[in-house]
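Residue numbers (full-length UniProt numbering): 1 to 636.
Even glycine gets a Cβ: it sits at the ideal position worked out from N, Cα and C.
Worksheet: one structure, shown below.
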């Protein structure tokens, strides 16, 4: 009965969304205060109904209700309790319900911010979000209903959750990533409001900054955790493969980064308003494109859901309608947006505009490389692959000037400035880094390594110099300054982590038996023992490796090879010893002859810096968000 109530609740939520979407028809007949109150109540009711629907599916998993088709496909009596609950978003239907639930959470938060916006703007904003929720909930009801029953004879056992997803990463990664993905609907809707209420452009820019920063921070953490999950769970020792689904989250991240910077200029100076609206549309469009790539079945990826093409067609139509409508409104009304200021050739405004252009160009080239094979396949039935060589070739040349700008931008002033004093102030640092890069080239003959170390070092030291300068001027106490510096420092550390780990990593594939040893200087990996292990829904073996250095044991690692019985599927569980300066990584493959095992061993110096840098970016965004909210409260 509870699943039926969850389904009915979803239908009622759809009715609320339709009411919100159609509410503007009565705008002239209803007083604006009353109109706003109705929009808020409909948003709250939709939120409560979708939360109940989510709770109903949670209950179905908790109670092992295998008469529900989605539960039967993704649960098992022996599945650990915590995975049984998080299996809700382990496949397509449940993850789409989570998507809708998170969308309603964002809409609910927006409805609570009535005092921050003029009432007409707030009302139209809620109606735009209602129009979007119509499309999302209708997609669930028509193509992805998670409450379908298996009748008349339900199975007594489930098929189990995909073993690849039976990992702590599944508990946090999808919700955080979706918070970022779906959160982009708020900047999209609020910037569309600029086209209807251009007189409130700067107010909307300041208001949108909070939501864009929030979505960007969630998206950052989601991408970082997803990268780390791929690193330790998939057993290949990598963290980024330029997979289409990885790109699908990276592209909106890049454009949202541009949007965050553009909103600063629009808020403070009243310029770039039309450009900011376009960025909000582009960022949301990329989040929908990512949804299409993951759920359409047009690509093969470890991250993608195997679903029917009909679902992909629905998403493609929804994407086309939403973005075409937004662009049509933009073209029809952009002429009423008036810039309220000017800027000189050397100014923070120009620097941030260049920052925007490079970020958008990078995202667009990644989009081209991601979609091009799909177009070729659709038009000519030819399979081609666009991989890391293309993305590295187009990404690196564009990131060089972007990082140079990031190092200079914090000290450049609004309105007008002089470039030469800033170059002169950084001349010693630039010369020193050029000398160091030349030395690195002499010893390594690796251009990419030298470039990475150069730009990473430049950004870190330039950011530290800005921090010291602002501290001396008593300007460092502001959270927005600390947030900006923290995020820029995170980018620099990330670049150093990528460069050092890529160049210095060592990999060995060996066949090794118990009591044998393999050496990867300066470490020795000794295979000590192999024993059987049993879990609630798997059997397997666990190896013990001693890691020795200088004749002393420094670590003990326990990689596993598991066999998940319900799914009839083997899985490799890696063992990793982390430290700030290197990771030791072991993955068991398969048994070979005479009791030996195929083992893959990595020594990866400084790779943890990649995720430290990524988390620092998110921390910087959170600090900036905190400062922005404090500033808004003071003005309020």
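Identify every residue that forms a DSSP beta bridge with residue 577.
-> Stepping through the chain shown from its first residue, residue 577 is reached at position 577. In the DSSP output, where bridge partners are listed per residue, residue 577 has 584.
Residues that DSSP places opposite residue 534 in a beta bridge | On the chain shown, position 534 is the one that residue 534 refers to. In the DSSP output, where bridge partners are listed per residue, residue 534 has 539.
Going by Cα to Cα distance, which pick from 276, 198, 258, 85 is closest to residue 360?
-> Taking the chain shown and counting its residues from 1, the one referred to as residue 360 is at position 360. Considering only alpha carbons, the answer is 258.
Taking the CB atoms as reference points, tell me whether residue 53 and residue 13 lie closer together than 8 Å.
-> The residue you call residue 53 lines up with position 53 of the chain shown. The residue you call residue 13 lines up with position 13 of the chain shown. Their beta carbons are under 8 Å apart, which means residue 53 touches residue 13 by this criterion.
Would you mind giving the Cβ-Cβ distance between residue 224 and residue 614, rounded to the nearest angstrom? I have them listed as a contact below 8 Å.
-> As a first step, residue 224 must be located in the chain shown, where it is residue number 224. As a first step, residue 614 must be located in the chain shown, where it is residue number 614. The Cβ separation is near 4 Å, so the contact holds.
Please report the Cβ distance between residue 497 and residue 597, rounded to the nearest whole angstrom; I am assuming they are in contact, meaning their Cβ atoms lie under 8 Å.
-> Position 497 of the chain shown, counted from the start, is the residue given in the question as residue 497. Position 597 of the chain shown, counted from the start, is the residue given in the question as residue 597. Contact doesn't hold; Cβ gap of about 30 Å is too wide.
If you compare alpha carbons, which of 431, 78, 101 is closest to residue 179?
-> Residue 179 sits at position 179 when you count from the first residue of the chain shown. Residue 101 is the option with its Cα nearest to residue 179.
Taking DSSP as the reference, what is the three-state secondary structure of residue 527?
-> As a first step, residue 527 is located in the chain shown; it is residue number 527 there, counting from the start. In this structure, residue 527 counts as strand in the three-state DSSP scheme.
Contacting residues, own chain, Cβ-Cβ under 7 Å from residue 574 (five flanking each side not counted) | Taking the chain shown and counting its residues from 1, the one referred to as residue 574 is at position 574. The answer, listed in chain order, is 232, 235, 559, 585, 586, 587.
Cβ distance (whole Å) where residue 94 is taken to contact residue 152 below 8 Å | Sequence index remark: in the chain shown, residue 94 carries index 94 (1-based). Sequence index remark: in the chain shown, residue 152 carries index 152 (1-based). Actually they do not touch by this definition, with Cβ atoms about 24 Å apart.
Could you tell me the boundaries of the alpha helix (DSSP H) in which residue 117 lies?
-> Position 117 of the chain shown, counting from 1, holds the residue named residue 117. Note, residue 117: premise wrong, no alpha helix (DSSP H); not H, not E.
Give the single residue among 516, 56, 107, 493 whose Cα lies nearest to the Cα of residue 2.
-> As a working note, residue 2 is residue 2 in the chain shown. Nearest of 516, 56, 107, 493 to residue 2, Cα basis: 56.
When we look at the beta-carbon of residue 302 and count the other beta-carbons within 10 Å, is it buried (16 or more) or exposed?
-> The sequence position of residue 302 within the chain shown is 302, counting from 1. No answer about residue 302 holds up, because its pLDDT of 47 lies below 50 and its placement is not dependable.
Can you tell which of 76, 553, 379 has the C-alpha that lies nearest to the C-alpha of residue 157?
-> In the chain shown, residue 157 corresponds to position 157, counting from 1. For the residues 76, 553, 379, the minimum Cα distance to residue 157 belongs to 76.
Pairing CB atoms from the segment 445 to 460 with CB atoms from the segment 499 to 509, are three or more of them under 8 Å?
-> yes
Leaving out five residues on either side along the sequence, give the residues of the same chain with a beta carbon under 7 Å from the beta carbon of residue 512.
-> Residue 512 sits at position 512 when you count from the first residue of the chain shown. Contacts found: 518, 527, 596, 597, 599.
What are the boundary residues of the beta strand (DSSP E) that residue 65 is part of?
-> Your numbering for residue 65 matches position 65 in the chain shown. Note, residue 65: premise wrong, no beta strand (DSSP E); not H, not E.
Name the DSSP bridge partner or partners of residue 546?
-> Reading the chain shown from its first residue, position 546 is the one you call residue 546. Bridge partners of residue 546: 526, 556.
May I ask which residues mark the beginning and end of the alpha helix (DSSP H) holding residue 708?
-> The chain is shown from 1 up to 636; residue 708 falls before or after that span and cannot be answered.
Identify whether residue 564 lies in helix, strand or coil by the three-state DSSP scheme.
-> By 1-based counting over the chain shown, the position of residue 564 is 564. The answer is strand: DSSP assigns residue 564 an E or B state.
Three-state secondary structure (DSSP) at residue 521?
-> Here residue 521 is taken as the residue at index 521 of the chain shown, counted from 1. Residue 521 falls in the coil class under three-state DSSP.
Alpha helix (DSSP H) segments (min. 4 residues) lying fully within the segment 45 to 95 | 69 to 74, 81 to 86
List the endpoints of the continuous alpha helix (DSSP H) containing residue 639.
-> An answer regarding residue 639 cannot be provided, because it is not within the stretch 1 to 636 covered by the chain.
Reduced DSSP category for residue 509 - H, G, I as helix; E, B as strand; rest coil = For this step, residue 509 is matched to residue 509 along the chain shown. Note: residue 509 maps to strand in three-state DSSP.
Where does residue 253 fall in DSSP's three states?
-> Within the chain shown, the letter at position 253 stands for residue 253. Residue 253 falls in the helix class under three-state DSSP.
What's the gap between the Cα of residue 174 and the Cα of residue 216?
-> Here the question's residue 174 lines up with position 174 in the chain shown. Here the question's residue 216 lines up with position 216 in the chain shown. Near 15 Å, if we compare the C-alpha coordinates of residue 216 and residue 174.
Per-residue DSSP class, three states only, for residue 599 | As a first step, residue 599 is located in the chain shown; it is residue number 599 there, counting from the start. If DSSP states are grouped into helix, strand and coil, residue 599 belongs with the strands.
Reference residue 36, options 472, 115, 550, closest by Cα | Here residue 36 is taken as the residue at index 36 of the chain shown, counted from 1. The candidate whose alpha carbon is nearest that of residue 36 is 115.
Determine the direct distance from the alpha carbon of residue 601 to that of residue 542, and round the result to whole angstroms.
-> Your numbering for residue 542 matches position 542 in the chain shown. Your numbering for residue 601 matches position 601 in the chain shown. Those two C-alpha atoms are separated by around 16 Å.
Spatial neighbours of residue 611 within its chain, please: CB distance less than 6 Å, with the 5 preceding and 5 following residues excluded, ordered by chain position.
-> Within the chain shown, residue 611 is the residue found at index 611, counting from 1. Cβ neighbours of residue 611 beyond the five flanking positions: 224, 228.
Going by DSSP, name the residue or residues bridged to residue 179.
-> Residue 179 sits at position 179 when you count from the first residue of the chain shown. BP columns for residue 179 are empty, so no partner.
DSSP bridge partner residues for residue 484 (one or two, in chain order) = Against the chain shown, residue 484 aligns to sequence position 484. According to DSSP, which records beta bridges pairwise, residue 484 is partnered with nothing at all.
Is it right to say residue 46 is buried, meaning 16 or more other beta carbons lie within 10 angstroms of its own, or is it exposed?
-> In the chain shown, counting from the first residue as 1, residue 46 sits at position 46. Buried.
By a C-beta neighbour count over all protein chains shown, 10 Å radius and 16 as the cutoff for buried, is residue 379 buried or exposed?
-> The residue labelled residue 379 in the question sits at position 379 within the chain shown. Flag for residue 379 reads exposed.
Look at residue 288 and residue 319 and say whether their C-beta atoms are less than 8 Å apart.
-> By 1-based counting over the chain shown, the position of residue 288 is 288. By 1-based counting over the chain shown, the position of residue 319 is 319. Yes. Within cutoff.
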